[in-house]
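Residue numbers (our numbering): 119 to 534.
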Ligand code: EPZ
């Protein structure tokens with residue numbers, strides 16, 4: 119497995135362009151199945167999860183090619199509704215293909231996605247919503263088989279504002295007969311981007327970004343060219359990279375409103391944030407204060423930025439408390455940070471971070487995507503050399519974090 123070698127202590131300074139959002143691109147790639155046409159997706163990141171989604175659609179019979187950062191997806195040749203078990207295991211979020219494939223074929227088969235390093239990752243909200251739409255769901259031998267002779271709109275109230283369940287229902291409802299209303303939906307910007315993509319193709323969806331989404335079923339969709347929103351989590355990660363090295367960074371092509379919960383916590387810690395229409399500059403002072411973080415669904419503080427902020431809080435001069443409400447096993451990075459000299463105690467969903475004189479470089483192991491990114495950030499601030507192993511986890515969501523960080527002054531190299 120590859121690794122990153124990081125020589126810490128360099129103050130980062132410079133500008134970075136932010137790629138399209140992984141968590142917007144993935145449901146939109148699933149949505150291209152509904153049009154049965156050709157979609158041009160601009161500014162797409164060549165990250166592992168996008169490549170996995172491309173492989174799944176190719177296995178289903180679609181024709182897909184890259185033209186630099188434009189993904190050209192022709193789904194007119196799709197002929198299978200049976201999603202590869204081996205690829206689902208590689209990326210559990212492929213579950214959002216279910217809604218699109220059912221919408222297209224009236225049937226779908228997928229292996230149960232199972233858990234991941236973050237926890238159990240149940241899909242009960244997805245399946246109970248499908249049943250309300252006239253879809254029969256059978257679960258046998260580790261597979262989920264969905265069938266519907268007459269996919270119909272429904273009123274659905276989500277017990278929890280699940281991102282994936284909201285997306286799956288939107289995808290299944292777009293071509294269904296009649297109207298669908300989803301209550302208590304996820305409000306993430308990626309949901310709004312999915313709505314905007316589908317409407318650009320001729321769908322009739324409104325309300326994304328609020329707690330209620332309305333979908334009027336339509337007969338067909340047409341092809342479209344579309345530019346996906348920037349990745350707010352990559353942007354937040356690079357703001358923390360500047361803060362943890364007490365440096366300065368300007369991020370281009372971002373939407374400051376998408377990062378409000380993140381930038382307000384960085385300001386609370388003592389950073390200066392300067393916003394323009396589609397750029398953010400962070401200037402960090404020498405000393406940072408502790409802050410308390412509670413992860414919540416959007417617009418609350420994002421769970422996908424929890425580990426990265428934990429790394430930063432290890433370098434602050436006051437105690438901080440993190441409460442992780444979304445995933446039961448999202449503190450794995452804490453145990454590796456402790457090996458770097460961090461003073462963290464974990465009790466269930468609470469982590470208490472106390473000041474420490476400094477972080478010391480050592481060999482640490484990435485166990486999940488954002489936890490791995492947090493270890494890279496810690497290495498930027500640590501004394502000496504930090505080796506981050508198992509960086510394949512990180513490549514699922516960052517095309518080349520080492521290249522990006524080197525461009526603003528970090529000493530970080532990838533090694534086999
Ligand atoms: C999406 O995952 C993101 N992934 C995650 O980002 C992100 O952490 C998460 O939303 C929360 O914001 C993608 O968009 C590809 P959820 P998803 O359904 O859809 C419970 C990253 O690092 N739940 O909103 O799986 C679940 O257990 C990844 O980029 C049910 O109980 O998240 C969890 O506690 C990691 N039943 C909570 O909801 C269900 O049927 C949030 O899950 C579904 C979810």
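Even glycine gets a Cβ: it sits at the ideal position worked out from N, Cα and C. Model, not experiment: these values are computed from the prediction.
Asked: Where residue 261 falls: helix, strand or coil (DSSP); Found: strand
Asked: Proximity test, residue 338 beta-carbon vs the ligand EPZ heavy atom, cut-off 7 angstroms; Found: no
Asked: Residues near residue 93 in its chain [Cβ-Cβ closer than 6 angstroms; skip 5 each side]; Found: Absent from the model: residue 93. The displayed extent of the chain is 119 to 534, so no value can be given.
Asked: Spatially closest choice to residue 190 from 516, 176 and 199, by CA coordinates; Found: 176
Asked: Whether residue 144 touches residue 214 by CB criterion (8 angstroms); Found: yes
Asked: From 407, 378 and 444, residue whose alpha carbon lies closest to that of residue 397; Found: 378
Asked: 4 or more residues per run - each alpha helix (DSSP H) lying fully within the region 395-448; Found: 424-431
Asked: Any non-hydrogen atom of the ligand EPZ within 7 angstroms of residue 308 CB; Found: yes
Asked: Three or more C-beta pairs below 8 angstroms linking the region 439-451 and the region 500-518; Found: no
Asked: Pick from 259, 454, 517 and 406 that is closest to residue 229, judged by C-alpha positions; Found: 259
Asked: Collapsed DSSP secondary structure at residue 461 in the structure displayed; Found: strand
Asked: Cβ contact (3+ pairs, closer than 8 angstroms) linking the region 375-395 and the region 513-527; Found: no
Asked: Supposed contact pair residue 335 and residue 292 - C-beta distance, whole angstroms, cut 8 angstroms; Found: 7 angstroms
Asked: Best match in 289, 454 and 365 for proximity to residue 477 [C-alpha to C-alpha]; Found: 454
Asked: Selection from 433, 432, 411 and 150 that minimises the alpha carbon distance to residue 423; Found: 411
Asked: Those residues which DSSP pairs with residue 334 across a bridge; Found: 297 and 322
Asked: Classification of residue 482 by the beta-carbon crowding that lies within 10 angstroms, buried from 16 upward; Found: buried
Asked: Cβ neighbours of residue 360 in the same chain (closer than 7 angstroms, five flanking residues each side left out); Found: 130, 366, 367, 400 and 402
Asked: Beta-carbon proximity list for residue 340, same chain, < 7 angstroms, skipping 5 on both sides; Found: 153, 155, 319 and 320
Asked: Rounded separation between residue 303 and residue 257 - CA only; Found: 25 angstroms
Asked: Buried or exposed (CB count within 10 angstroms, at least 16 for buried), residue 491; Found: buried
Asked: Range of the contiguous alpha helix (DSSP H) that encloses residue 128; Found: Neither: residue 128 is in no alpha helix (DSSP H) and is coded neither H nor E.
Asked: Residue 501 - partner residues in DSSP beta bridges; Found: 478
Asked: Start and end residues, beta strand (DSSP E) containing residue 275; Found: 273-275
Asked: Contact test: residue 248 Cβ vs the ligand EPZ heavy atom, cutoff 7 angstroms; Found: no
Asked: Cβ-Cβ distance between residue 352 and residue 137 below 8 angstroms; Found: yes
Asked: Whole-angstrom C-beta distance between residue 148 and residue 346, which should lie under 8 angstroms; Found: Their Cβ separation, rounded to whole angstroms, is 13 angstroms, which puts residue 346 and residue 148 out of contact at 8 angstroms.
Asked: With 16 other Cβ atoms within 10 Å as the buried cut-off, status of residue 267; Found: exposed
Asked: Close beta carbons around residue 407, own chain, < 7 angstroms, minus the five adjacent residues each side; Found: 387, 388, 434, 435 and 436
Asked: As assigned by DSSP and simplified to three states, the class of residue 256; Found: strand
Asked: Distance cut-off 7 angstroms: residue 240 Cβ against heavy atoms of the ligand EPZ; Found: yes
Asked: Closer than 7 angstroms: residue 429 CB and nearest the ligand EPZ heavy atom; Found: no
Asked: Enclosing alpha helix (DSSP H) for residue 520 [first to last residue]; Found: 519-524
Asked: Identity of the residue in 173, 223 and 216 nearest residue 208 by Cα; Found: 173
Asked: Residue 280: CB within 7 angstroms of a non-hydrogen atom of the ligand GTP; Found: Ligands present in the displayed structure are limited to the ligand EPZ, and the ligand GTP is not among them.
Asked: Supposed contact pair residue 471 and residue 461 - C-beta distance, whole angstroms, cut 8 angstroms; Found: 7 angstroms
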